[in-house]
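In this note's numbering, the protein residues as written are 6 to 459. Following: one structure in structure tokens, then a few remarks.
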Amino acid sequence: MGNFDKIVNLSKNRGFIFPGSDIYDGLANTWDYGPVGVELKNNIKRAWWKKFVQEAHNSFGIDADIFMNSKVWDASGHTASFSDPKMDCKNCKTRHRADNLIEEHSKGKVNPDLMTNEEMENYIKEHHICCPKCGKCDWTPIRNFNLMFSTSRGVTDESQNLIYLRPETAQGEFVNFLNVQRSMRAKVPFGIAQIGKAFRNEVTPGNFTFRTIEFEQMEHQWFCRADESMKYYEEYKKKAMDFLLSLGFSAEHLRFHDHDKLAHYAKAASDIQYLYPIGWEELNGIHHRGDWDLSRHQEFSGKSMSYLDPYTNERYIPNVIEYSIGADRLTLAIMCEAYDEEKLDNGETRVVMHFHPAIAPYKVAILPLQKNLSEKATEIYSKLSKYFMVTYDEAGSIGKRYRRQDEIGTPFCVTIDFETLDDDTVTIRDRDSMEQIRLKIDELVNYISEKVKF
RNA sequence: GCGGGUGUAGCUCAAUGGUAGAGCGCUAGCCUUCCAAGCUAGCUACGAGGGUUCGAUUCCCUUCACCCGCUCCA
């Protein structure tokens with residue numbers, strides 16, 4: 006079992022990812038993307054959007070609000086199952102659900118759902134319900150472990166003003182099913198995609214950005230007929246894997262992992278796991294959700310979620326194939342996959358991030374061989390920056406500057422020398438092969454554009 | 001929330017009851033025409049509060065934060 010230390014250090018040194026609230030000693034499980042990291046993550050999101058919206062037929066993007074009517078979470082089941090009354094045994098440090106203890110003790114005669122926390126605490130005290138593990142009756146007070154972050158809307162702090170930060174983005178796609186279908190005149194099967202933040206008040210420390218309380222999801226919901234749903238489920242498993250492979254992942258570092266235990270709504274579920282330094286962990290999920298979500302929203306909202314199929318004149322609630330991937334987890338996986346310590350002939354080591362050129366934070370670094378060439382170098386910088394993210398470095402030896410670019414995975418370095426002044430040619434050096442070729446300045450844009458395509 | 005651990009420079013580490021050093025990195029200058037060269041100069045730290053003490057980065061207490069484990073995890 007490894008850990009993320011090398012990636013964490015590189016991240017901080019080179020501007021990928023910083024600890025959140027760093028000057029105040031941080032805040033657990035929050036991280037800030039720096040100047041280099043934000044480019045990487047944005048490029049990853051753009052690549053995903055390209056595959057699942059731009060190049061997909063019949064898929065539409067949305068950007069739903071983080072705040073939603075609380076009834077959405079009643080319908081999705083989050084309100085009920087995200088708020089469990091928990092208490093700890095002070096003796097053996099195990100944690101138990103107060104409602105379950107009461108239900109078991111009373112053999113189902115008492116319904117703890119109707120009790121307040123105080124009533125449950127009193128009940129447990131009066132009936133001497135003890136820890137099932139160690140037998141002692143020494144409990145902490147009940148605390149509600151709600152995985153949804155809540156805040157209140159308006160100036161008063163009444164319970165009806167309570168609103169939640171969404172714990173998943175999926176509901177934004179479901180509640181907009183009808184809006185998208187009508188406005189885009191979409192015909193089933195079609196998809197709705199979204200990239201957005203979600204929030205979960207999880208206790209667990211997170212292994213760098215692997216598990217954080219705020220995270221970004223990239224999701225695609227495919228609405229289809231029930232009798233075609235398994236076909237599309239398999240299709241999206243393949244698409245999800247192909248996308249990862251196209252980003253440069255090694256096939257040996259990815260695997261499907263089917264769920265043994267399905268969630269209440271799911272008909273089938275499969276994850277793709279990546280071999281992180283901490284072991285195999287979930288990177289994305291493909292879930293066959295049946296018509297559970299739309300049916301629930303129909304039930305709770307009173308609005309019909311059915312679709313009238315123009316080909317068959319049938320009216321039905323579509324099935325949903327959900328494909329969901331964490332943008333932060335993917336960024337982290339890509340950093341782990343790209344990280345390489347390369348032994349050189351002179352015995353030294355260079356750290357290289359072998360990003361796919363399309364997602365590399367900077368595409369080109371401009372390196373004048375000497376400082377008195379900076380005027381010409383600046384000219385080239387201005388020219389290329391109209392097309393790509395370009396960085397500039399004239400400090401230190403040329404070798405040192407190559408190393409800095411290797412560490413942030415810049416695929417191309419352009420050096421300007423005295424010949425450049427005479428004939429407008431530059432040396433362009435490839436990050437992976439370290440090969441150098443001579444190019445006319447006018448050829449640079451085309452040459453690089455071709456290489457950084459996705 | 002519980003148990004354990006840790007807090008000194010951007011990073012990795014040191015020393016010390018009399019207010020701190022190194023390596024790497026970074027900045028500037030010199031030199032230098034393609035893979036972490038050299039020389040010179042410079043920047044930057046005892047998490048916070050309180051106590052003991054003539055004096056605390058060092059000892060004690062509290063607090064804050066982080067890390068590991070437990071718990072939780074649609």
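Glycine included, every Cβ here is placed at the ideal spot set by N, Cα and C.
CB-CB length for Asn206 against Asn151, believed under 8 angstroms: 7 angstroms
Cys136 in three-state terms, based on DSSP: coil
Roughly how many angstroms lie between the CA atoms of Thr420 and Glu327, to the nearest whole one? 47 angstroms
Assigned exposure category for Tyr29 - 16 Cβ within 10 Å defines buried: exposed
Helix, strand or coil for Ile330, going by three-state DSSP, please let me know. strand
Candidates Gln410, Glu440, His225, Val395, of which the one nearest Val516 by Cα: A question about residue 516 goes unanswered here, because the residues of the chain that appear run from 6 up to 459.
Apart from the five residues on each side of it in sequence, which residues of its chain come closer than 6 angstroms, Cβ to Cβ, to Asp422? Leu374
Can you give me the C-alpha to C-alpha distance between Glu347 and Lys376, rounded to a whole angstrom? 29 angstroms
For Glu440, count neighbouring Cβ atoms within 10 angstroms of its own Cβ and tell me buried if that reaches 16, exposed if not. exposed
Taking the runs of the alpha helix (DSSP H) that are 4 residues or longer, which of them lie wholly in the stretch 347-435? 379-389, 403-412, 423-428
What residue does the beta strand (DSSP E) around Ser300 start on, and which one ends it? Segment 297-306 is the alpha helix (DSSP H) holding Ser300; no beta strand (DSSP E) there.
To the nearest angstrom, how far is it from the Cα of Ala191 to the Cα of Phe228? 10 angstroms
For Glu221, does the count of other Cβ atoms within 10 angstroms reach 16, so buried, or fall short, so exposed? buried
From the DSSP secondary-structure annotation, give me the bridge partner or partners of Met92. His101
Tell me the DSSP secondary structure of Gly284 in three-state form. strand
Where does the unbroken alpha helix (DSSP H) through Leu249 begin, and where does it stop? 234-251
Integer Cβ distance of Ser311 from Arg320, believed to fall under 8 angstroms: 5 angstroms
Candidates Lys112, Arg408, Asp447: which alpha carbon is nearest Arg434's? Arg408
Would Asp298 be called buried (16 or more neighbouring beta carbons within 10 Å of its own) or exposed? buried
Cβ contact (3+ pairs, closer than 8 angstroms) linking the stretch 246-266 and the stretch 278-286: yes
Are Phe72 and Ile218 touching if we call contact CB-CB under 8 angstroms? no
Boundaries of the alpha helix (DSSP H) in which Ile129 is found, first to last residue: 122-131
What does a CB cutoff of less than 8 angstroms around Ala481 pick up in its chain, not counting 5 residues either side in sequence? Nothing about residue 481 can be read from this structure; the chain reaches only from 6 to 459.
Nearest by alpha-carbon distance to Leu2: which of Val180, Ser157, Phe182, Phe179 is it? Shown here, the chain extends from 6 to 459; a query on residue 2 therefore has no answer.
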